[in-house]
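Those protein sequence lines, which keep their order, are chains A, B, C and D. Position one of the first sequence corresponds to residue 251 (my numbering), numbered consecutively onward. Position one of the second sequence corresponds to residue 251 (my numbering), numbered consecutively onward. Position one of the third sequence corresponds to residue 271 (my numbering), numbered consecutively onward. Position one of the fourth sequence corresponds to residue 271 (my numbering), numbered consecutively onward. Note that CB positions come from ideal geometry on N, CA and C, so glycine has one too. Reviewing the structure listed below.
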Amino acid sequence: MREIQVEYFAALREHAGCGRERLRTAARTPRELFAELSRRHGFPELGPLKVAVNDEFGDWEAPLADGDSVVFIPPVAGG
Amino acid sequence: MREIQVEYFAALREHAGCGRERLRTAARTPRELFAELSRRHGFPELGPLKVAVNDEFGDWEAPLADGDSVVFIPPVAGG
Amino acid sequence: MKPFAFSAEPLQPASLRRSLADPRCGAFVSFEGWVRNHNDGREVRALEYEAYEQLGLKEGARIVQEAIERFGVDHAACVHRVGALALGDLAVWVGVSSAHRDAAFAACRYIIDEVKHRVPIWKKEHYADGDSGWVNCERCASHAQPPPARQAGR
Amino acid sequence: MKPFAFSAEPLQPASLRRSLADPRCGAFVSFEGWVRNHNDGREVRALEYEAYEQLGLKEGARIVQEAIERFGVDHAACVHRVGALALGDLAVWVGVSSAHRDAAFAACRYIIDEVKHRVPIWKKEHYADGDSGWVNCERCASHAQPPPARQAGR
């Protein structure tokens with residue numbers, strides 16, 4: 251089990267009902283973590299998401315470490 | 251003979267020594283007028299000039315009318 | 271000034287512009303994104319921007335640096351508003367100064383295009399009919415797909 | 271505001287910009303030409319612009335109108351300084367506002383390119399060594415030739 255901090259923005263924040271949460275999880279990768287959180291919060295389809303780990307763009311398959319901070323990034327619409 | 255007003259700008263103004271002059275001339279076209287004035291003022295080579303007649307771009311070969319106003323336009327360097 | 275910043279306060283293009291002044295530069299190009307009163311055929315009343323700032327600052331700075339190196343301009347910067355904006359408000363500002371205008375135009379265009387696709391900023395539009403919604407990048411929405419978690423394990 | 275103007279007073283980009291504001295427009299692009307401290311390898315101290323204003327106003331307005339029609343932008347304008355300018359001074363300003371940025375960039379670029387080649391404005395540079403001279407458009411100077419009076423009669 252790892253302790254992971256997740257931060258939510260925009261549509262994901264509204265669906266999660268919070269801006270961030272800290273959780274203990276058996277998820278080994280961002281992909282597994284997103285699946286777990288998606289079941290819990292019922293995230294809608296938002297198109298292709300990116301993931302950031304510790305405030306850098308990350309890999310969906312890279313192993314998570316205890317204490318990592320994770321952000322799931324919906325498609326952006328800047329400007 | 252026609253009475254023509256000529257206005258000078260930039261390098262031509264400095265070479266003519268005046269901003270404008272009014273003259274009576276036998277020149278029938280802007281081309282002939284420029285040749286006459288060039289002999290008088292010793293204009294330097296300035297590259298391809300355009301000509302304006304009565305404040306619109308004109309034709310070097312179009313007949314001049316009495317009272318016309320003529321400007322010889324050196325290559326521009328705006329901005 | 272920092273190459274890329276977020277601002278919760280109204281942007282001041284006059285002072286942003288002065289920060290890029292340089293007597294070596296003959297050309298300055300700026301882009302401003304303004305809040306429009308319509309989008310995709312719907313009447314917009316107001317909007318809000320939300321950014322993932324920690325990552326956005328890094329990615330924005332990378333984009334500006336890429337533009338400086340790729341086009342050889344002297345100075346470039348971008349500031350993006352966050353928070354609630356009204357119609358006509360300035361949402362994003364990009365400025366580039368350079369010896370010549372070719373490079374300034376190209377770098378300015380590069381920065382706004384990349385910022386719109388790479389910097390994590392989201393826009394929520396509030397419509398005249400009382401509805402509101404988060405706007406997805408059009409290019410992405412056209413091939414919307416389930417997030418990767420659904421597709422495959424390892 | 272007029273589509274094209276000359277100004278003997280310093281240009282005010284903040285108020286020029288406001289004159290193109292429109293809630294339909296999501297994009298604003300501006301170009302500024304600044305007085306550089308060098309040109310063609312020579313150190314420039316100051317310069318002056320002289321315009322044939324009666325014709326320049328007409329030709330400038332034509333250029334702006336061409337840009338509006340060709341690129342479908344909502345608003346566009348250009349103002350050019352005349353008189354004595356110091357290093358760093360704003361010599362020419364172009365602004366375009368439009369629903370989308372593609373058209374705004376293209377129209378802004380079109381206007382400054384055409385103004386530099388078609389509007390009768392001349393620049394006299396004053397150099398650090400005390401010399402000064404009228405600057406010819408580079409493109410034209412490269413194939414300088416005697417004015418047509420020498421070449422042929424009718």
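| Query | Result |
| --- | --- |
| Around the C-beta of R386/C, are 16 or more other C-beta atoms found within 10 angstroms, so that it is buried, or is it exposed? | Residue identity differs from the one stated: residue 386/C is Lys in this sequence, not Arg. By the 10 Å Cβ count, K386/C comes out buried. |
| Should A266/A be labelled buried (16 or more other beta-carbon atoms within 10 Å of its own) or exposed? | buried |
| How should R306/C be labelled, buried or exposed, when 16 other C-beta atoms within 10 angstroms of its C-beta is the threshold for buried? | buried |
| Along the stretch 292-309 of chain C, where does the CB come closer than 9 Å to a CB of chain D? Name the residues. | D292, P293, R294, C295, G296, A297, F298, V299, S300, F301, E302, G303, W304, V305, R306, N307, H308, N309 |
| Could you work out which residue in D305/A, A327/A, E295/A, E311/A is closest to D318/A when comparing CA atoms only? | D305/A |
| For a cutoff of 8 Å on Cβ pairs, would you count E279/C as touching chain D? | no |
| Against L325/D, what residues of chain C qualify as contacts under a CB-to-CB distance less than 7 Å, listed in chain order? | Near L325/D there are no residues of chain C at all, since even the closest Cβ is about 24 Å away, more than 7 Å. |
| With 8 Å set as the bound, which would you pick, yes or no: does the beta-carbon of E306/A sit closer than that to a beta-carbon of chain C? | yes |
| Specify the secondary structure class of A276/A as computed by DSSP and reduced to three states. | coil |
| Taking the alpha carbon of F298/D as the point to measure from, which residue in Y319/D, S402/D, G365/D, A347/D has its own alpha carbon closest? | G365/D |
| Could you check where the beta strand (DSSP E) with C295/D kicks off and where it finishes? | From DSSP, C295/D is part of no beta strand (DSSP E); its letter is neither H nor E. |
| From the DSSP output, which residues share a beta bridge with S277/C? | R351/C |
| Compare the C-beta of L317/C against all C-beta atoms of chain D and say whether one is closer than 8 Å. | no |
| Quick check on Y322/C: does DSSP put it in helix, strand or coil? | coil |
| Quick one: which chain F residues come within Cβ less than 9 Å of G292/A? | Protein chains in the displayed structure are A, B, C and D, and chain F is not among them. |
| Output yes or no for whether 8 Å exceeds the beta carbon distance between A346/D and P273/D. | yes |
| May I ask which residues mark the beginning and end of the alpha helix (DSSP H) holding H265/B? | 260-266 |
| Going along the chain, which residues of the stretch 328-362 of chain C sit with their C-beta nearer than 8 Å to a C-beta in chain D? | L357, G358 |
| Quick one: measure Cβ to Cβ for P325/A and L296/A, integer angstroms, because I've assumed they're closer than 8 Å. | 7 Å |
| Applying a beta-carbon distance threshold of less than 9 Å, which residues of chain D neighbour L314/B? | None at all; the shortest Cβ gap to chain D is about 13 Å. |
| Any beta carbon of chain D sitting closer than 8 Å to that of I323/B? | yes |
| Just reading off the beta strand (DSSP E) that L286/D is part of, what are its end residues? | Here L286/D belongs to no beta strand (DSSP E); instead the alpha helix (DSSP H) covers 283-288. |
| Output the boundary residues of the alpha helix (DSSP H) element that contains H387/C. | 371-388 |
| Can you grab the Cα-Cα spacing for the pair R388/D / F307/B, in whole Å? | 10 Å |
| Which whole-angstrom value is the C-beta distance of L360/C and L317/C, which I expect to be below 8 Å? | At roughly 13 Å, the Cβ-Cβ gap does not stay under 8 Å, so L360/C and L317/C are not in contact. |
| Go ahead and pull the three-state DSSP assignment for F301/D. | strand |
| Check whether the Cβ atoms of F375/C and F341/D sit closer than 8 Å, and answer yes or no. | no |
| How many Å lie between F259/A and V320/A at the Cα? | 12 Å |
| Hey, would you say C348/C sits closer than 8 Å to I381/C, going by beta carbons? | yes |
| Using the Cβ count rule (16 or more neighbours within 10 Å means buried), how would you classify C295/C? | buried |
| Can you tell me whether DSSP reads R270/A as helix, strand or coil? | strand |
| What residue range does the beta strand (DSSP E) around L314/B cover? | From DSSP, L314/B is part of no beta strand (DSSP E); its letter is neither H nor E. |
| In chain order, what residues of the same chain have a beta carbon less than 6 Å from the beta carbon of A377/C, not counting five sequence neighbours either side? | A337, F341, V343, A346, V366 |
| If you run the structure through DSSP and keep just helix, strand and coil, what is F293/B? | coil |
| Per DSSP, R315/C forms a beta bridge with which residues? | Beta-bridge pairing links R315/C to no other residue. |
| With 8 Å as the threshold, decide whether the Cβ of A302/A is near any Cβ in chain C. | yes |
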